[in-house]
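Here the sequence shown is numbered in the working numbering, starting from 104 and rising by one per residue.
Where is the CB? At the ideal position from N, CA and C, for every residue including glycine.
Written out below as structure tokens is the structure these notes cover.
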Amino acid sequence: MALTRKLTRRSFMVGCSAAIAALAGSRITHLAFASPNAPDATNGEIVVVVFLRGGIDGINVVVPIGGSSNDRYYYEADLRKNLRIPSSGQYKALPIGSLTNPSTGQTTEFGFNPALAPLQGLYQSGYLGVVHATGLTSNNRSHFDSMQFMETGTPDVKTTGSGWLARHLNTLNMGVAQFPALSAGSGLAMSLAGRQDAIALTSPGSLNLYTWGEYANLQKQALRNMYGLDAGDPARIWIHEAGENALNALDIVGTGDYAPAPGVSYPPHNSFSESLKTVAQMIKMDVGLRAATVDLGGWDTHENQQYPWDKNGVGGYFYDLLNLMARGLLAFFQDLGAYTRRTTIVVMSEFGRTLRENANNGTDHGHGNIMLVMGGGINGGKIYGTWPGLAGDQLFDGRDLRITTDYRHVLSELLVTRLGNKVENLSTIFPNGYTPPAQWMGIAREPARSYTFSVTYLPAVMRP
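Shown next as structure tokens:
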């Protein structure tokens, strides 16, 4: 009989923890059962992965504008007669640097699409770097397959049940945190699948008990009293700690509206800005966030990629979406302030677009692409990678930018150099035979730098 009462009470207490999850949504479930008595993890390095879903047209983001090669000619006169970004004039691409094709010895100079003007200051100040001709080495033009392969970190393998970002956290000795992993949005990103304490959150205020007024405090106090009954029982201390952990998480996050840092202005009325603000708020709460994901969709530009143009010759769908991304990322970076010292932002997409525009003034599913990397520990102001060229015999399948840098190489360098993981763990984070490069490209560095800056201007590069 006593055994029956004990099991019933145990089931009841576990059920109460489940009740918290039911009241607050499934977001609480994993938080309640974080490992107790582990070291604090609120001051570690943070990675924010921004996934541009749909396949961004990278060649019109970081544009060939000149150099000793003929790539500008191929781009302007042959491949992009209607969609080309000007290399001169008022609305020209903004020069940022060059790459050399090792096969020919010729250089190609590049510029930012003018829609990225908000990020040019970060680039010139060394907080933003570009990797060109990178991506998923799989020959796959399916959105869903390519996103799955990239986010699981296992090209051409559809059976991987966890994400690369989850495996990074699982191999990292980071201690316990109330909110270590977050997808800003309504669903958990595949890259975080397999991390039991990862949550999906549209805003911190949505993490609550779904009650109001005095009843919220009364409900939390009743739950604390109930969980406190097990505090002195070694056999059931885990129940007490689980309940306290969940309730403490609710207290920390609260339900108030978020106010960005003074002078910071996110682009209004869009989910991308709201997601970035959610991540910024969670970072600045010091609740142990180590990995976050943000999505920005709409990049599948099969038609009317640059329509409608405004009277000044700028604008259009692609321009406006790219400019939204740039303004959002700048606001996010400024909003973080000193937290950028330990935050690395990675911008990636499942594939690039065909180099040749189609008959509908759009582009189709391609191959090679760009990645952007931002943060206080980034050696920015430079383009990284090996440039393959745009001549017909240099293209992948005769139509696409060739990939010369596996996207996992970029992530691996960040994981080891910036984010505290180890080279020996890369075979777990990226399984199925992945081999990291013999030498890092140098886009990241170990010591974070200390700096301050105003939101109204950006400083020159400040070294440690």
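Margin query: With a threshold of 6 Å on Cβ separation, who are the neighbours of K184 within its own chain once the five nearest residues in sequence on each side are excluded?
Written below: Position 81 of the sequence shown, counted from the first residue, corresponds to residue 184. Answer for K184: no residue qualifies.
Next item on the list: Can you give me the start and stop residues for the alpha helix (DSSP H) that N426 sits inside?
Entry: If you number the sequence shown from 1, residue 426 lands on position 323. Where N426 is concerned, the enclosing alpha helix (DSSP H) stretches over Y420 to L439.
Item checked: V233 versus N328 - alpha carbon distance -> Here residue 233 corresponds to residue number 130 of the sequence shown, with the count starting at 1. Here residue 328 corresponds to residue number 225 of the sequence shown, with the count starting at 1. Roughly 53 Å between the two C-alpha positions.
Note to self: Which residue wins for smallest C-alpha separation from F499, given the options N242, T274, Q209 and T446?
What the structure shows: Walking along the sequence shown from the start, residue 499 turns up at place 396. Per the Cα distances, N242.
Checklist line | R156 vs P167 beta-carbon contact at 7 Å | finding: As a working note, residue 156 is residue 53 in the sequence shown. As a working note, residue 167 is residue 64 in the sequence shown. Contact: no.
Item checked: Closest by C-alpha distance to A303, when choosing among Q227, D398 and T446 -> By 1-based counting over the sequence shown, the position of residue 303 is 200. The shortest Cα separation from A303 among Q227, D398 and T446 belongs to D398.
Check: Does the Cβ of G419 have 16 or more other Cβ atoms within 10 Å, making it buried, or fewer, making it exposed?
Finding: For the purposes of this step, residue 419 is identified with residue 316 of the sequence shown, where counting begins at 1. A residue is called buried once 16 or more other Cβ atoms fall within 10 Å of its Cβ, and G419 is buried on that count.
Next item on the list: Could you say if the region 199-216 and the region 508-518 meet the contact criterion of at least three C-beta pairs nearer than 8 Å?
Entry: Because the criterion of three Cβ pairs below 8 Å is not met, the region 199-216 and the region 508-518 do not touch.
Item checked: Span of the beta strand (DSSP E), counted from its first residue to its last, around R548 -> In the sequence shown, counting from the first residue as 1, residue 548 sits at position 445. R548: not part of any beta strand (DSSP E); DSSP gives it neither H nor E.
Item checked: Distance between L272 and N173 (C-alpha atoms, nearest Å) -> Indexing the sequence shown from 1 puts residue 173 at position 70. Indexing the sequence shown from 1 puts residue 272 at position 169. For N173 and L272, the distance between alpha carbons rounds to 44 Å.
Check: Roughly how many angstroms separate the alpha carbons of E549 and N276, rounded to a whole number?
Finding: Taking the sequence shown and counting its residues from 1, the one referred to as residue 549 is at position 446. Taking the sequence shown and counting its residues from 1, the one referred to as residue 276 is at position 173. In this structure, the alpha-carbon of E549 lies about 17 Å from that of N276.
Margin query: For Y178 and L433, which I take to be in contact (beta-carbon distance under 8 Å), what is that distance rounded to the nearest angstrom?
Written below: Translated into positions along the sequence shown, residue 178 becomes position 75. Translated into positions along the sequence shown, residue 433 becomes position 330. About 27 Å separates the two Cβ atoms, so there is no contact after all.
Margin query: Beta-carbon within less than 7 Å of G169's beta-carbon, same chain only, minus the 5 sequence neighbours each way: which residues are those?
Written below: What you label residue 169 is simply residue 66 of the sequence shown in a count that begins at 1. Result list for G169: R175, S190 and E212, in chain order.
Notebook entry, point to check: In terms of residues, what are the limits of the beta strand (DSSP E) holding M385?
Noted result: Counted from its first residue, the sequence shown places residue 385 at position 282. Segment S374 to K387 is the alpha helix (DSSP H) holding M385; no beta strand (DSSP E) there.
Next item on the list: Please list, in chain order, all residues of the same chain as R459 whose beta carbon is under 7 Å from its beta carbon, the five residues on each side excluded.
Entry: For the purposes of this step, residue 459 is identified with residue 356 of the sequence shown, where counting begins at 1. Taken in chain order, the residues that qualify are L182 and R502.
Check: Is the region 284-297 touching the region 257-266 in the sense that three or more CB pairs, one from each, lie closer than 8 Å?
Finding: Yes: the two stretches touch, three or more of their Cβ pairs being nearer than 8 Å.
Next item on the list: Identify the continuous alpha helix (DSSP H) that holds N273 and give its terminal residues.
Entry: For the purposes of this step, residue 273 is taken as the residue at position 170 of the sequence shown. Its alpha helix (DSSP H) spans residues W267 to N273.
Check: Once you ignore the five residues that flank S306 on each side, which residues in its own chain have a CB closer than 6 Å to its CB?
Finding: Position 203 of the sequence shown, counting from 1, holds the residue named residue 306. Sequence-distant Cβ neighbours of S306 in its own chain, meaning closer than 6 Å and more than five residues away, are T381.
Next item on the list: Report yes if the CB atom of V165 is closer than 7 Å to the CB atom of I546, and no otherwise.
Entry: Within the sequence shown, the letter at position 62 stands for residue 165. Within the sequence shown, the letter at position 443 stands for residue 546. When the beta-carbon positions are compared, V165 and I546 stay at least 7 Å from each other.
Check: For Q251, which residues from the same chain have a beta carbon less than 7 Å from its beta carbon, with the 5 sequence-adjacent residues on both sides left out?
Finding: Within the sequence shown, the letter at position 148 stands for residue 251. Closer than 7 Å at the Cβ level, and outside the excluded window around Q251, lie K261 and M293.
Next item on the list: Could you have a look at Y487 and say whether DSSP puts it in helix, strand or coil?
Entry: Taking the first residue of the sequence shown as position 1, residue 487 is located at position 384. Three-state result, Y487: strand.
Notebook entry, point to check: Since R511 is in the alpha helix (DSSP H), which residue starts that stretch and which ends it?
Noted result: Here the question's residue 511 lines up with position 408 in the sequence shown. DSSP places R511 in the uninterrupted alpha helix (DSSP H) bounded by Y510 to E516.
Margin query: Buried or exposed, going by whether 16 or more other CB atoms sit within 10 Å of the CB of N524?
Written below: Working through the sequence shown from its first residue, we reach residue 524 at position 421. With 16 or more other CB atoms across the displayed protein chains lying within 10 angstroms of its CB, N524 is buried.
Item checked: Cβ contact (3+ pairs, closer than 8 Å) linking the region 463-473 and the region 525-533 -> No: fewer than three Cβ pairs fall under 8 Å.
Notebook entry, point to check: First and last residue of the alpha helix (DSSP H) that includes E460?
Noted result: Position 357 of the sequence shown holds residue 460. Taken as a continuous stretch (DSSP letters only), E460 belongs to no alpha helix (DSSP H), as it is neither H nor E.
Next item on the list: Check A287 in the structure and name its three-state DSSP category.
Entry: Taking the first residue of the sequence shown as position 1, residue 287 is located at position 184. Correct three-state label for A287: strand.
Item checked: C-beta atoms of V151 and Q281 nearer than 7 Å -> As a working note, residue 151 is residue 48 in the sequence shown. As a working note, residue 281 is residue 178 in the sequence shown. Taking 7 Å as the Cβ cut-off, V151 and Q281 do not qualify as a contacting pair.
Next item on the list: Tell me whether Y410 is buried or exposed, calling it buried when 16 or more other Cβ atoms sit within 10 Å of its Cβ.
Entry: Along the sequence shown, one-based indexing puts residue 410 at 307. It counts as exposed.
Note to self: Can you look up T207 in the DSSP assignment and give me helix, strand or coil?
What the structure shows: Position 104 of the sequence shown holds residue 207. Coil.
Notebook entry, point to check: Excluding sequence positions up to five away, which residues of its chain have a Cβ less than 7 Å from the Cβ of Q227?
Noted result: Indexing the sequence shown from 1 puts residue 227 at position 124. So the list reads G484, once near-sequence residues are dropped.
Next item on the list: Using the Cα positions of I188 and W490, report the straight-line distance between them to the nearest angstrom.
Entry: Reading the sequence shown from its first residue, position 85 is the one you call residue 188. Reading the sequence shown from its first residue, position 387 is the one you call residue 490. C-alpha separation (whole angstroms): 19 Å.
Margin query: Distance check for T443 and I606, CA to CA, integer angstroms please.
Written below: Examination of residue 606 is not possible in this model, given that the chain is present from 104 through 567 alone.
Item checked: Inter-residue spacing [alpha-carbon to alpha-carbon] between S171 and T255 -> For the purposes of this step, residue 171 is taken as residue 68 along the sequence shown, with counting starting at 1. For the purposes of this step, residue 255 is taken as residue 152 along the sequence shown, with counting starting at 1. Their backbone Cα atoms lie some 39 Å apart in a straight line.
Notebook entry, point to check: Which residue's Cα is closest to the Cα of V450: E406, P534, L197 and M253?
Noted result: In the sequence shown, residue 450 corresponds to position 347, counting from 1. Here the closest residue by C-alpha is M253.
Note to self: Just to confirm my understanding: we take I159, look at its own chain, exclude 5 residues before and 5 after, and list those with CB closer than 6 Å. What are they?
What the structure shows: Along the sequence shown, one-based indexing puts residue 159 at 56. Within the same chain, and ignoring the five residues on either side of I159 in sequence, the residues whose Cβ sits closer than 6 Å to its Cβ are W402 and S452.
Next item on the list: Counting only the same chain and skipping the five closest in sequence on each side, list residues whose C-beta sits under 6 Å from that of L225.
Entry: Here residue 225 is taken as the residue at index 122 of the sequence shown, counted from 1. Hits under 6 Å: L231.
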